[in-house]
Amino acid sequence: MDKVDAEARKRAAAILREKLIPLIKDLKAGEPLKLVIPKRTLSNTMLDPEKGILILKDEKLERHLLDAGEARRFMQTILMASIIYQALVENEYPTIRDLYYRGKHTLQYRDLEGKVREENTWDEQQESDAVLRDIEVMTNLLREEMLILSKEKGKMVGDMRIRSGPDVIDLSKLGHGAYAIESTPDFIEFLDYNAEFVLVVEKDAVFQQLHRIGFWRQYKCLLITGAGQPDRATRRLVRRLNEELGLPVYVLTDSDPYGWNIYSVFKVGSITLSYESERLATPKARFLGVSMTDIFGDKKKKPYLTEEERKNFIIKAKDEDIKRAQDLQKYSWFQTPKWKKEIDLFLEKRAKLEIEALVGKGLKFLAYKYLPEKIQTGDWIE
Amino acid sequence: MSEEKKYKEMGIARFFARYPELTGYSSPQKALYQTIRELVENSLDAIDGHEEGRQVALPLIKVVIEEVAIVHDEEGKKVMCRVTAEDNGVGVPPTVIANAFAKVLYSSKYVTKQTRGMYGIGVKAAVMYSQATGGSGVDVISTTSSLEDVYWRRLKIDLEKNEPIVLGTGSWRKQGSWRGTRVSMTMECDWPRARQKIIEYFQKTSIIAPYVQMLFLTPEKELYVFPKRAEKIPDPPREAKPHPHGVDVETFKLMLRETKARTFKQFLMKEFQSVGEKSARAIIREAKKRIKDKDISGDISPADLLQASDGSLAAIVDIMKTLRFQPPKSKYLSPLGEDLVKASLISTFNPEWADAIRRSPRSYQGHPFIVELGMAYGGHIEPMNEPLLLRYANKVPLLSAEKEDVSYKVMMGVDWKQYKVTFPAPLVILVHVVSTKIPYKSMGKESISEVPEIEQEIRYGLLELGRRLREYLSEKERREEAMNRALAISKYLPEIARGLKILEKEPRSWTPLEPGEERDLLEDLIKLVSRHVHLRDQQGEEVVRKILRVK
């Protein structure tokens with residue numbers, strides 16, 4: 001068995017026990033049982049000004065077995081911890097779906113009238129996923145560190161060799177395909193590479209187009225997509241490329257609040273999962289485009305689109321886009337002058353644009369003009 | 383003209399025969415109901431009204447109504463019924479039977495007593511009605527415990543002379559141990575229309591006399607059984623002297639006429655309760671001042687005083703009403719008692735909660751009274767939009783004119799939400815007023831007036847019971863909350879025990895969990911939860927274990 005793996009297992013199992021064994025001691029002493037879990041709420045989330053990422057503050061919640069309203073979640077937490085623990089010691093690699101199924105069974109009990117009733121330990125995977133997040137914040141262990149796999153969604157190509165498990169993979173020799181970023185990117189070893197920056201593309205289709213046209217080879221970059229909202233593995237890998245290899249990271253998304261949010265997730269982390277930002281966020285990630293000034297231009301800058309093209313490509317923003325933009329305005333990391341200008345312009349024009357519109361102007365325009373020019377002139381927002 | 387004067391001019395029996403509506407016999411429907419009442423109440427008196435009547439293991443009243451003939455005459459179709467009532471009460475001595483059943487006695491007695499009888503002339507009105515509608519006389523069979531024979535009389539009333547006419551007599555040796563009275567008479571009746579009220583009468587009577595078993599056989603041969611549900615029989619009411627506050631001019635004159643006292647002062651002290659030397663002197667002193675047409679002193683004879691004008695006598699009565707005396711004595715009254723009221727409500731309604739309360743004796747206008755109340759909630763009681771009100775006066779049920787009754791008024795004035803009751807609710811309220819004089823609202827004697835003293839006692843009683851009910855409901859809520867809490871937590875214990883047991887096992891010596899291996903942790907968890915569900919420990923543990931007992 002993989003040595004890296006085995007070490008991770010040992011460590012995770014020890015931490016789980018360390019956190020939960022005190023409950024047994026309390027129980028033997030007749031003490032009421034409680035779990036102490038850092039809160040995963042917006043009010044307990046803050047932007048660390050030094051690190052530039054979202055972190056959890058100190059607020060903790062106590063989950064008491066003897067509180068009727070909390071007993072179910074208490075049970076679920078113990079159940080989830082025990083399943084993960086058992087998987088660790090039995091050398092398994094459960095997915096979050098597996099955890100859901102392993103833990104899901106029917107409890108029987110008698111109600112106060114004496115009738116036998118049934119209740120599931122959990123019903124939807126949403127429930128077990130939420131419990132898993134509790135375990136992560138409680139133990140300060142990410143699921144990847146507990147050898148829990150998720151669906152692989154992210155892809156990467158580029159002139160680079162990595163070791164994954166026992167194999168060496170050459171990311172430049174995958175033909176039209178790409179390397180599917182594994183669930184546990186911490187166990188990847190970077191061997192050698194020939195690249196100067198990382199380009200993260202929101203959309204899988206644009207990723208494929210840039211791959212086929214040979215963008216990464218021509219401009220010496222590692223090309224990555226999270227295919228929409230990025231999963232944790234993609235984010236972790238981007239972070240490692242930035243932190244360990246010192247490669248600048250550029251993010252290319254649609255020009256709308258949804259795209260900005262994806263950038264935000266790469267940069268500072270997500271609010272529901274802020275506990276993982278410490279390891280997943282890339283505070284130095286740069287928003288390359290498409291920006292509002294790319295579309296409309298400003299005093300110093302000529303727009304990339306002609307009047308005619310704007311008319312054809314621009315989509316009118318919906319009410320929910322406006323609302324989302326207004327929400328984003330409230331976050332401190334969107335309050336820099338550049339972002340303020342970007343969002344204000346959006347709210348003024350009430351217009352959004354998909355990356356595909358630039359492709360519509362010609363893939364070569366995107367690959368050989370727009371992207372290199374933006375990077376070379378430093379036309380990004382941080 | 384006062385009723386008393388009317389009696390005298392016409393002959394009392396003739397008078398009542400002429401005005402049947404006065405006694406409630408104005409139609410075959412009402413007459414049948416009224417007859418049943420008189421017979422049953424006589425029987426109840428024979429059972430609980432005398433020390434001797436109370437010495438029976440199973441006090442029993444049997445009532446049978448049979449439709450015996452259909453008569454066609456010029457007025458149309460008439461249905462004749464034979465009504466028979468039998469009890470194992472104290473019995474009537476043969477020498478008294480005739481007068482007891484066939485002479486309308488105008489009682490000269492002025493003592494006061496709590497009585498069931500609603501009209502004073504009782505069963506004799508039924509006999510007169512039977513006579514008027516073609517009955518062949520009343521048959522009475524009776525014996526007492528000391529007699530060796532059973533006696534039979536067939537009687538009619540001579541309306542002119544107000545004397546019994548004895549149509550037949552007989553006697554025979556007692557067979558077995560039965561003693562009591564059996565009365566039977568034939569009369570025009572309307573059973574279909576009277577049916578509902580008669581059955582309601584039995585049901586409600588059974589509630590207030592739970593120590594008696596009643597059997598009722600209808601003309602359709604349906605047998606209603608109202609079983610005995612309580613052992614204790616309340617002490618019988620006793621006769622008491624009038625209280626000076628409760629006397630009217632007519633009674634006062636009657637008392638003067640009948641007293642054996644030699645002087646006015648003696649008369650006051652001897653014939654009234656709560657009047658001693660001091661109060662007697664106070665009355666005489668006041669009378670001296672007020673009465674001009676007669677020289678009043680404590681020494682004049684009652685006969686002499688009778689010579690005074692009606693106005694002067696009225697003044698004396700007025701003086702007695704305004705002076706202060708010890709309140710009338712209530713020890714002569716016979717309420718049912720809290721235990722019996724409660725027991726009866728429980729056995730009748732099978733509620734989840736019942737309680738009863740007896741208020742302290744009080745008096746109004748010189749008449750002592752006691753209010754006792756019962757309340758039952760939940761269980762087999764159907765939820766209703768307002769409380770089911772059971773009204774009683776001197777141990778008889780009041781069936782009609784509910785909304786005019788003081789109890790109804792008080793009940794509707796209560797803010798039940800304050801007592802955790804929201805309607806529709808399964809709530810029964812029983813109000814029983816006993817007094818030497820019940821202040822009925824009207825001739826029909828089916829509702830009690832809003833006498834402030836009585837109203838107040840009913841209100842206080844209801845509010846006290848309301849508080850107890852609220853306490854019970856709060857306690858129940860607390861308990862249910864605790865039980866629900868126990869349930870919400872306990873059902874997860876086995877799962878928690880398994881999870882913790884798995885985590886307890888070290889990786890080095892790992893083996894999968896065996897069934898039952900977590901037993902020790904589960905036991906600890908059960909004990910932990912039991913201690914914290916706010917039930918008593920032992921009880922808490924039972925609750926938790928019961929929740930987990932699924933195999």
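Keeping their order, the protein sequence lines are chains A and B.
Here our numbering is used: the first residue of the first sequence is 1, the next is one more, and so on.
Here our numbering is used: the first residue of the second sequence is 383, the next is one more, and so on.
Quick reminder that beta carbons are idealized off the backbone N, C-alpha and C, glycines included.
These numbers come from a predicted model, not from an experiment.
Simplified DSSP state of Asp256/A, which is helix, strand or coil: It is coil, neither helix nor strand.
Closest Cα partner of Asp379/A within the set Ala281/A, Leu132/A, Lys338/A: Lys338/A
Minimum Cβ-Cβ distance from Ile908/B to chain A less than 8 Å: no
Under 7 Å from the C-beta of Ala870/B: neighbouring residues of chain A: Ala68, Ala71
Three or more C-beta pairs below 8 Å linking the segment 690 to 705 of chain B and the segment 624 to 638 of chain B: yes
At least three beta-carbon pairs within less than 8 Å, the segment 575 to 591 of chain B to the segment 773 to 792 of chain B: Short answer: they touch.
Best match in Leu549/B, Val438/B, His454/B, Ala451/B for proximity to Phe483/B [C-alpha to C-alpha]: Leu549/B
Residues in the segment 117 to 131 of chain A having any Cβ partner in chain B nearer than 9 Å: The residues in question are Arg117, Glu119, Thr121.
Residue environment, Phe805/B, which counts as buried when at least 16 other CB atoms sit within 10 Å: exposed
Contact belief for Met156/A with Leu54/A at Cβ below 8 Å, rounded distance in angstroms: At roughly 24 Å, the Cβ-Cβ gap does not stay under 8 Å, so Met156/A and Leu54/A are not in contact.
Contact set between Pro889/B and chain A, taken where Cβ atoms lie within less than 9 Å: Arg9, Lys10, Ala13, Ala14, Arg17, Tyr85, Leu88, Val89
Those runs of the beta strand (DSSP E) which lie wholly inside the segment 680 to 743 of chain B and span at least 3 residues: 735 to 740
Any chain A beta carbon closer than 8 Å to Val932/B: Yes, Val932/B counts as interfacial toward chain A.
Buried/exposed call for Trp216/A, threshold 16 Cβ in 10 Å: buried
Inter-residue Cα distance where the pair is Ser891/B and Glu90/A: 12 Å
Nearest neighbour of Leu875/B, chosen from Thr121/A, Glu113/A, Glu62/A, Thr95/A [CA to CA]: Thr121/A
Classification of Met500/B by the beta-carbon crowding that lies within 10 angstroms, buried from 16 upward: Because the pLDDT of Met500/B is 48, which lies under 50, any placement of that residue in the model is unreliable, and the number read from its coordinates should be weighed accordingly. Buried, because 16 or more other Cβ atoms sit within 10 Å of the Cβ of Met500/B.
Bridge-paired residues (DSSP) for Pro779/B: In DSSP, Pro779/B forms a bridge with Tyr774/B.
Proximity test, Cβ basis, 8 Å: Gly881/B and chain A: yes
Interface residues of chain A facing Ile820/B [CB-CB closer than 7 Å]: By Cβ distance, chain A contributes nothing, its closest Cβ being about 47 Å from Ile820/B, past 7 Å.
Per DSSP, cross-strand counterpart(s) of Ile523/B: For Ile523/B, the pairing in a beta bridge is given by DSSP as Trp534/B, Arg564/B.
Residue-chain proximity (Arg110/A, chain B), Cβ-Cβ < 8 Å: yes
Contacts that Ala399/A makes with chain B (C-beta to C-beta distance below 8 Å): Here chain A covers residues 1 to 382 and nothing more, so residue 399/A does not appear.
Chain B residues whose Cβ lies nearer than 7 Å to that of Lys28/A: Asp906
Chain-ordered neighbours of Lys858/B on chain A, where CB pairs are closer than 8 Å: None at all; the shortest Cβ gap to chain A is about 13 Å.
Start and end residues, alpha helix (DSSP H) containing Lys623/B: Premise fails: Lys623/B is in no alpha helix (DSSP H) and is neither H nor E.
Contact with chain B by Met138/A, beta-carbon distance below 8 Å: no
For Tyr193/A, the three-state DSSP class (helix, strand or coil): DSSP places Tyr193/A in strand when its eight states are reduced to three.
Separation of Ser912/B from Leu930/B, as counted between CA atoms: 13 Å
At least 3 beta-carbon pairs within less than 8 Å: the segment 270 to 282 of chain A vs the segment 304 to 320 of chain A: no
Alpha carbon of Val249/A to alpha carbon of Gln76/A, nearest angstrom: 39 Å
Ile181/A vs Thr234/A beta-carbon contact at 8 Å: yes
DSSP-derived helix/strand/coil call for Trp339/A: helix
Pro821/B to Lys827/B span [Cα, whole Å]: 9 Å
Three-state secondary structure (DSSP) of Ser43/A: Looking at Ser43/A - three-state DSSP - the assignment turns out to be helix.
Residues sharing a beta bridge with Val932/B, DSSP: Val932/B is not bridged to any residue.
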